[in-house]
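What follows is the structure in structure tokens.
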């Protein structure tokens, strides 16, 4: 029985998804893992499907015929499979799972209150560790700054230009399993109950801001998000999202932030 789903999307990056599949196939408990691939955009679907199945015959590849975005695209595969998985890993395909026992180790000491697990994600290019994404819930003033920064393209451009100029903190401190507010969106594991709650909100989620939205959904249900530094991921960032036109990014960021603010305020009532 395949009790763990690994859900990814393909957006004109077929070769990368095939390499991800090869890496995933090396997992020690691969017989318990179901790969789900949703094609947001693909050249030759049938050819791609065969390439994936040649590596992992059990993989399920779907073509919704439109771009569903990142998180909704991943969860589309979960819904289409019609199966109940205990855990779902939502992931970019520009990552490499370092340990062959990654999934075996991830769930060994997970309590019932944990709804999300974030691994130690290291950027291959500069060695920066991307988790934990946020240790603590942002203040209302910080959320206001985000809302203003994402409200129009000039402010959006300026905000991220200043962010790029800011020195990156290399999070090298040794952290054991620890409760955090949010983990990085490039790779995270969700308990089935959390997936169900996210699916209820799916029409409001498309691209970007997944980390914050999931964090507020977890908070509203009285559960926790955990960072496990013993789980290792290597991340080759922006293989797909780097190709997206900036003004479109700004619109998606704005929409996601508006929904996040709605959840944020709802949890403060």
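Residue numbers (the working numbering): 9 to 277.
Note that beta-carbon positions come from the ideal geometry of N, C-alpha and C, so glycine has one too.
Counting only runs that start and end within the stretch 75-101, where is the beta strand (DSSP E) found for 3 or more residues in a row? 95-99
Give the range of the alpha helix (DSSP H) segment to which residue 50 is assigned. Here residue 50 belongs to no alpha helix (DSSP H), and DSSP marks it neither H nor E.
Identify whether residue 57 lies in helix, strand or coil by the three-state DSSP scheme. helix
Measure the beta-carbon distance from residue 106 to residue 240 and round it to whole angstroms, keeping in mind my assumption that it falls under 8 angstroms. The Cβ separation is near 4 angstroms, so the contact holds.
What does the Cβ neighbour count give for residue 180, buried or exposed, with the cut at 16 atoms within 10 Å? Confidence is the limiting factor: at residue 180 the pLDDT is only 49, short of 50, which leaves the residue's position unreliable, though a coordinate-based value still follows. Residue 180 should be labelled exposed.
Cβ neighbours of residue 193 in the same chain (closer than 6 angstroms, five flanking residues each side left out): 218, 219
Specify, as a first and last residue, the run of the alpha helix (DSSP H) that residue 187 falls within. Counting along the chain, residue 187 falls outside any alpha helix (DSSP H), though it belongs to the beta strand (DSSP E) covering 186-188.
Between which residues of its own chain and residue 48 is the CB-CB distance below 8 angstroms, once the five residues before and five after are set aside? 17, 18, 19, 72, 74, 75, 76, 77, 81
For the beta strand (DSSP E) holding residue 233, just list the boundary residues, first then last. 232-243
So what's residue 144 in DSSP terms, helix, strand or just coil? coil
For residue 123, tell me which candidate among 190, 259, 26 has the shortest Cα-Cα distance. With distances taken between Cα atoms, residue 123 lies closest to 190.
By how many angstroms is the C-alpha of residue 58 removed from the C-alpha of residue 125? Rounded to the nearest angstrom, the gap between the Cα atoms of residue 125 and residue 58 is 31 angstroms.
Can you grab the Cα-Cα spacing for the pair residue 35 / residue 157, in whole Å? 41 angstroms
Using the beta-carbon count (16 or more within 10 Å), is residue 265 buried or exposed? buried
When the cut-off is 7 angstroms and only beta carbons count, does residue 76 lie next to chain C? As a matter of chain content, chain C is missing from the structure shown, which is built from one protein chain.
DSSP state of residue 125, grouped into three classes? strand
Would residue 108 and residue 64 be called neighbours here (beta carbons separated by less than 7 angstroms)? no
Given that a residue counts as buried once 16 or more other Cβ atoms are within 10 Å of its Cβ, and exposed if not, what is residue 127? buried
contact_flag[the stretch 142-158, the stretch 96-104] where n(CB pairs < 8 angstroms) is 3 or more: Two segments are said to touch when three or more pairs of C-beta atoms, one from each, lie closer than 8 angstroms; by this definition the stretch 142-158 does not touch the stretch 96-104.
Bridge partner(s) assigned by DSSP for residue 137: 130
Tell me whether residue 19 sits in a helix, a strand or coil according to DSSP, three-state version. strand
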